[in-house]
Amino acid sequence: MPAPSLSAQVQQANRAIVSLQDALRLSQAQVKAFDACAVVALRDLALATDSDGLALAQRHYLLSVGRVLTPSQFTHYLTLHPRFSDALLRLEGPEVAAR
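For the record, in the sequence shown the residue sitting at position 44 is 54 according to my numbering, with numbers rising by one throughout.
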């Protein structure tokens, strides 16, 4: 079975992000900041050329998300994040850069 197109993967990741934002009950300001974190993270992940670069991009993303969320939201985020990581991980790293 062929891999889904990048466009389909982006749509799936966007649905996961919106679901995550809804679950966390983010304010409008937090939604904008959260979206900005995701855009920067996806860019950084796409530019990463090795596992160290991927790990650094993921750490930067968690730090920036941690600044956007309240402590209780961040705790909830860390609980929910693995449920959404499948959709998000398909957009990471050199695989995207190669497309």
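Glycine included, C-beta positions come from ideal geometry on N, C-alpha and C.
| Query | Result |
| --- | --- |
| Output yes or no for whether 8 Å exceeds the beta carbon distance between Ala58 and Leu64. | yes |
| For a minimum of 4 consecutive residues, which ranges assigned as the alpha helix (DSSP H) are wholly contained in the segment 22 to 92? | 38 to 57, 61 to 78 |
| Would you report the Cα separation of Val20 and Val78, rounded to the nearest angstrom? | 23 Å |
| Are the CB atoms of Leu34 and Tyr87 nearer to each other than 8 Å? | yes |
| According to DSSP, is Ala107 part of a helix, a strand, or is it coil? | Residue placement at Ala107 cannot be trusted, given a pLDDT of 40 that sits under 50; what the coordinates show is reported in the next sentence. Three-state result, Ala107: helix. |
| Between which residues of its own chain and Ala67 is the CB-CB distance below 7 Å, once the five residues before and five after are set aside? | Ala51, Asp54, Leu55, Ala58 |
| Using only alpha-carbon positions, find the residue among Ser17, His70, Phe44 that is nearest to Ala27. | For the record, residue 27 in the displayed sequence is Ile; it is not Ala. Comparing Cα positions, the closest option is Phe44. |
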